[in-house]
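In what follows, a structure is listed as C-alpha cells, so that the remarks can point back to it.
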Amino acid sequence: MAELPKELAPLREVAKKVYEMKVGRLVVELEPGDLLRAVGSLLRSLGPESLYLSTLVATDLPQQGVIRLDYHLFVIPLRRIVVLRTSVPRGGPRIASLLKLLPGALSAECEVYDLLGVVFEGNPYLRRGFFVPVELAEKGVYPLRKDARV
Amino acid sequence: MGRVRIVEVPMALEIPVGPQHPALHEPLLIKLYVEGEEVVKAEVNTGYNHRGIEKLCERNTFYRDIFICGRVCGICNTVHANCYVRALEALLGMDPPPRAKYLRVLAMELERVHSHMLINAVMAEVLGYETLFMSIMRDREAVMKAKEILTGGRVLADYMMVGGVRRDIDEVKRDRLLKILDRVEERVRYYRRVFEDDPTIAKRLMGVGILTPRDIVSHSLIGPVARGSGVKIDVRFEDPYDAYPEIEPLRMVTRDEGDSWARMMVRWDETLVSIEVSRYVLEHLPQGNAVPDERRLPRRFPPGEAFTRAEAPRGELTYYVMSDGKPSPYRVKIRTPSFNNIINGAFAFVGAYIADAPVILVSFDPCISCMERVTVVDPESGAKKRLSLRELAVQGVM
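Quick note, the sequences are listed as chains V and X, same order. The first sequence begins at 6 in the numbering used here and counts up by one. The second sequence begins at 58 in the numbering used here and counts up by one.
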C-alpha cells in the first residue's frame, strides 16, 4: 500500500486502499458515498485554486457488476495526478455530482451519463441524445457499456 | 375606438451562432441569449460530428488504435498518437531510444507552431483582417512543409510507434528544417509585433472575455487559456515526458491579464519557444536508431492500466488505456483539451457583447473534432438572476 503525502492527509479518513497506477499516479479507493467529502476536504485544506478535475474515466465491468469511476484530479501544489477511484452498481448506477464543488465536472459528468448511464445526483444538465444518435438514446442504449451492440 | 393589442416583447433573444462555421470551419452551435447587446446566457451544443472513437478503439487491436487515435484531430494528430503510444509503452514497460524521444518532441513542437499560427490567423480573420489571415496562413505552410519533411505527412503524420518513431531524418533534411525554422521565426516575430502594437487589435481583444485564475481552475480550463490568466500549468513541466526534461530552451509562458489578447499573446510567445525548442532538438539530436523494427514489437500486452498526459497545442490531453491481456484494449478514454475549454468555458460569454462572442470563442482555440464526443449545456449563468428573465421569456410569461 502506497503512502499518502502530507498534503493529501484529508484523504486518509476515507481511503480504503492506496496504490499506484502507471505512470506514477496515486490511486485512492473510496466508497461512492465518501466522494463529496473527500473532494470537499481537499479543497478546504489546499485552497480553491489548488486542484482541478482533469479527467473522469468510467469503465464498465460487467463481471463484477459495477461501473468503475476514476476521478483524475490534478493537484497543482503537488504537481501530481491523484485518482479517486470508486464503483457504483451496474443496475441503477448513481453517485453525487461534483458540480457544486468543481463546476469543471460538468462536461465529464454529462459525457459519462450519455455514454454509460451513470446518474450524477444534483447535476440538472444531464441529457440524453445529444451525441448518442436519437434512435439509440430512445432505446435506452448506453454505447460504452460492454453489452451494448452498436 | 380601436382594438386592444398586446405586444409581447421577449426579455431575452436567442441567437444561434453556428452550427455552420461559428468560428472555424467546423460544426458547433452556441446559443446566445441576449438582452440588448449583452449576452446573459450561453449554451454550447455539440454532437454534429460524433464518431464513437473510444468504442472503435475497443474493437481494434492496440496497434491499429495508434492510427485511430491519430485521427481524433487533424491539427494535433501527433500529440494524440504520442499520448496513446506512451500509454502502451507504460503497459509494456518499454523505454524508447533517446533519438526517438528527441524526434517526437520535434514533431510535436512543429505541430504546436502551426496550430498556434492557425488560430492566430483565424483570430485575424474574425477581426476583419483577411490579408493578415492569408499572410499568416502562407507562412504556416512552411511549417507544414517542415512537418512533411520530418514525418512524411503534411497534416496526418502517423509518426509515433511503440518504441520509437516511424521515420528518421538525415543531415540534408536537418539542414532544410533549420532553414525553414529561421524563416518562420522571423515572420512569427513580425506577427507578434502586429498583435502587440496594432491599436485595432488591442481594442478588439483587450479586456474582452476576462477569466480569473479561480474560475480557470474550478472550471478545469487548461492550456494557453489557463496560462493567459497566470495559472502555471503545463504538462511539459509538471509531468515531463519524452525528451522534454533535457530541452534547455523550454520555458513556460504565462501572462496575467486574463483577456482574449493575453491568450493570443501566450500563443505567439509559445510559438517562439517551440521554434527555439525545435532548433535545439535538431542541433542536439542524439545518435542511434530511432525507428523500431515493427515486426518484432510485442503482440501481447500484459493486463494493467496506464494514464498518460501530454501538452497538446490547446492544453492538457489525457489518455487512459486499460488492458485485460487480450489483443484489443479493454477501455480507452480520451480527454481532449477542447472538451474542457469549450464546454466548461461557456460562462465566459456571459456579460460580454454580442460582437465580442466570436472573439472569445476563437481565443479559446476551439477544436471541434477533438471535443466532439459529448454535448452539454452551460452551468454557470444559473447563479445570476438574469437567468430567470430568460426563463420567463422562454415560458412566454413576459
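All C-beta atoms in this analysis are idealised placements derived from N, C-alpha and C, irrespective of residue type, glycine included. As the structure is a computational prediction, the values presented were derived from the model and not from experiment.
Problem set entry | Cα-Cα separation between V/A7 and X/M379, rounded to whole angstroms | Residue 7 of chain V sits at position 2 when you count from the first residue of the first sequence. Residue 379 of chain X sits at position 322 when you count from the first residue of the second sequence. Going by the C-alpha atoms only, they are around 21 Å apart.
For this session: Would you kindly work out how many angstroms separate the C-alpha atoms of X/V129 and X/Y120, rounded to a whole number?
Result: As a working note, residue 129 of chain X is residue 72 in the second sequence. As a working note, residue 120 of chain X is residue 63 in the second sequence. The alpha-carbon atoms of X/V129 and X/Y120 are separated by roughly 15 Å.
Problem set entry | Selection of the segment 349–375 of chain X by Cβ proximity to chain V, strictly under 7 Å | Here the close residues are G361, E362, A363, F364, T365, E373, T375.
Problem set entry | Buried or exposed (CB count within 10 angstroms, at least 16 for buried), X/M191 | For the purposes of this step, residue 191 of chain X is taken as the residue at position 134 of the second sequence. Classification of X/M191: exposed, given that the 10 Å Cβ count is below 16.
Exercise. Which residues, in chain order, does the segment 45–59 of chain V contribute to contact with chain X at a C-beta distance below 7 Å?
Worked result: Closer than 7 Å at the C-beta level to chain X, one finds these residues of the segment 45–59 of chain V: P53, E54, Y57, L58, S59.
Exercise. Would you call the segment 257–265 of chain X and the segment 217–224 of chain X touching, i.e. three or more CB-CB distances under 8 Å?
Worked result: Taking 8 Å as the limit for Cβ pairs, the verdict is that the segment 217–224 of chain X does not touch the segment 257–265 of chain X.
Exercise. Can you tell which of V/V44, V/D119, V/V80 has the C-alpha that lies nearest to the C-alpha of X/D296?
Worked result: Position 239 of the second sequence, counted from the first residue, corresponds to residue 296 of chain X. Of the listed residues, the one whose Cα sits closest to X/D296 is V/V80.
Problem set entry | Proximity of V/A14 and V/L35 at Cβ, strictly below 8 Å | Looking up residue 14 of chain V in the first sequence gives position 9. Looking up residue 35 of chain V in the first sequence gives position 30. For V/A14 and V/L35, no; Cβs fall outside 8 Å.
Exercise. What is the DSSP secondary structure of V/F135, counted as helix, strand or coil?
Worked result: If you number the first sequence from 1, residue 135 of chain V lands on position 130. For V/F135, the three-state secondary structure derived from DSSP is coil.
For this session: Assuming X/P394 and X/G372 form a contact by the criterion Cβ under 8 Å, report the distance between their Cβ atoms to the nearest whole angstrom.
Result: On the second sequence, position 337 is the one that residue 394 of chain X refers to. On the second sequence, position 315 is the one that residue 372 of chain X refers to. Yes, they are in contact, since the Cβ atoms of X/P394 and X/G372 sit about 3 Å apart, within 8 Å.
Problem set entry | Distance between beta carbons of X/V334 and X/P355, contact taken as under 8 Å | Counting from one through the second sequence, the residue named residue 355 of chain X turns up at place 298. Counting from one through the second sequence, the residue named residue 334 of chain X turns up at place 277. Contact doesn't hold; Cβ gap of about 31 Å is too wide.
Exercise. Is there a Cβ from chain V that is less than 8 Å from the Cβ of X/L148?
Worked result: Within the second sequence, the letter at position 91 stands for residue 148 of chain X. It does; some Cβ of chain V falls within 8 Å.
Problem set entry | chain V within 8 Å of X/K98, Cβ atoms only | The sequence position of residue 98 of chain X within the second sequence is 41, counting from 1. Closer than 8 Å: no.
Exercise. Are the CB atoms of X/G361 and V/K27 nearer to each other than 8 Å?
Worked result: In the second sequence, the residue the question calls residue 361 of chain X occupies position 304. In the first sequence, the residue the question calls residue 27 of chain V occupies position 22. Yes, the pair counts as a contact, with Cβ atoms nearer than the cut-off.
For this session: Tell me, please, whether the segment 97–108 of chain V touches the segment 118–137 of chain V by the rule of three or more beta-carbon pairs shorter than 8 Å.
Result: yes
Problem set entry | Counted within 10 angstroms of its Cβ, other Cβ atoms place X/M201 as buried (16 or more) or exposed | Taking the first residue of the second sequence as 1, we reach residue 201 of chain X at position 144. Buried.
Problem set entry | Collapsed DSSP secondary structure at X/M151 in the structure displayed | Against the second sequence, residue 151 of chain X aligns to sequence position 94. If DSSP states are grouped into helix, strand and coil, X/M151 belongs with coil.
Exercise. Looking at chain V, which residues of the segment 398–414 of chain X have a Cβ within less than 7 Å of any of its Cβ atoms?
Worked result: I400, N401
Problem set entry | Interfacial residues, the segment 19–31 of chain V to chain X, with Cβ spacing under 8 Å | M26, K27, V28, R30
Exercise. Are the CB atoms of V/P37 and V/V93 nearer to each other than 8 Å?
Worked result: On the first sequence, position 32 is the one that residue 37 of chain V refers to. On the first sequence, position 88 is the one that residue 93 of chain V refers to. The answer is yes: Cβ separation under 8 Å.
Exercise. In whole angstroms, what separates the C-alpha of X/R308 from that of X/G266?
Worked result: In the second sequence, residue 308 of chain X corresponds to position 251, counting from 1. In the second sequence, residue 266 of chain X corresponds to position 209, counting from 1. Approximately 26 Å, taken between the alpha carbons.
Exercise. Is it buried or exposed for V/S50, if we count other Cβ within 10 angstroms and need 16 for buried?
Worked result: On the first sequence, residue 50 of chain V is found 45 positions in, with the first residue counted as 1. With fewer than 16 other Cβ atoms within 10 Å, it is exposed.
Exercise. Who are the near neighbours of X/P343 in its chain, counting only those whose CB is closer than 7 Å to its CB and skipping five residues on each side?
Worked result: Looking up residue 343 of chain X in the second sequence gives position 286. Within the same chain, X/P343 has close Cβ partners P155, R156, Y159.
Exercise. Is the Cβ of V/L107 closer than 8 Å to any Cβ of chain X?
Worked result: In the first sequence, counting from the first residue as 1, residue 107 of chain V sits at position 102. Closer than 8 Å to some Cβ of chain X, the Cβ of V/L107 qualifies, so yes.
For this session: Quick one: list the residues of chain X neighbouring V/T64, beta-carbon separation under 7 Å, in chain order.
Result: Taking the first residue of the first sequence as 1, we reach residue 64 of chain V at position 59. Going along chain X in sequence order, the residues near V/T64 (Cβ under 7 Å) are M379, R388.
Exercise. What does X/P270 touch in chain V if you count any residue whose Cβ is under 8 Å from its own?
Worked result: Taking the second sequence and counting its residues from 1, the one referred to as residue 270 of chain X is at position 213. In chain order: E54.
Problem set entry | Distance between X/V251 and X/V245 (C-alpha atoms, nearest Å) | Reading the second sequence from its first residue, position 188 is the one you call residue 245 of chain X. Reading the second sequence from its first residue, position 194 is the one you call residue 251 of chain X. Answer to the nearest angstrom: the Cα atoms are 10 Å apart.
Exercise. Where X/I125 and V/K105 are concerned, what is the direct C-alpha to C-alpha distance, given to the nearest angstrom?
Worked result: Taking the second sequence and counting its residues from 1, the one referred to as residue 125 of chain X is at position 68. Taking the first sequence and counting its residues from 1, the one referred to as residue 105 of chain V is at position 100. Using only the alpha carbons, I get a separation of about 36 Å.
Exercise. Do you know offhand how far X/V431's Cα is from V/L131's?
Worked result: For the purposes of this step, residue 431 of chain X is taken as the residue at position 374 of the second sequence. For the purposes of this step, residue 131 of chain V is taken as the residue at position 126 of the first sequence. Confidence at X/V431 is low in this model, with a pLDDT of 34, below 50, so the placement of that residue should be treated as unreliable; the coordinate-derived value is given next. Straight-line Cα distance between these residues: approximately 11 Å.
Exercise. Quick one: is X/V162 near chain V, going by C-beta distance under 8 Å?
Worked result: One-based indexing of the second sequence puts residue 162 of chain X at position 105. Answer no: the Cβ-Cβ gap between X/V162 and chain V never drops below 8 Å.
Exercise. Hey, does X/I290 have any beta-carbon neighbour from chain V nearer than 8 Å?
Worked result: Within the second sequence, residue 290 of chain X is the residue found at index 233, counting from 1. True, the Cβ-Cβ gap to chain V drops below 8 Å.
Problem set entry | X/H276: contacting residues in chain V (beta-carbon distance under 9 Å) | Walking along the second sequence from the start, residue 276 of chain X turns up at place 219. Going along chain V in sequence order, the residues near X/H276 (Cβ under 9 Å) are Y57, L107, P108, G109, L111.
Problem set entry | DSSP-derived helix/strand/coil call for X/P459 | The shown model of chain X, from 58 to 455, leaves out residue 459 of chain X, and the question about it has no answer.
Exercise. At least one CB of chain X closer than 8 Å to the CB of V/V155: is that the case?
Worked result: Mapped onto the first sequence, residue 155 of chain V falls at position 150. So, interface residue.
Exercise. Is X/G402 helix, strand or coil by DSSP?
Worked result: The sequence position of residue 402 of chain X within the second sequence is 345, counting from 1. Correct three-state label for X/G402: helix.
Exercise. Between the segment 126–143 of chain X and chain V, which residues of the former have CB atoms less than 7 Å from a CB of the latter, in chain order?
Worked result: Correct list: empty, as no residue qualifies.
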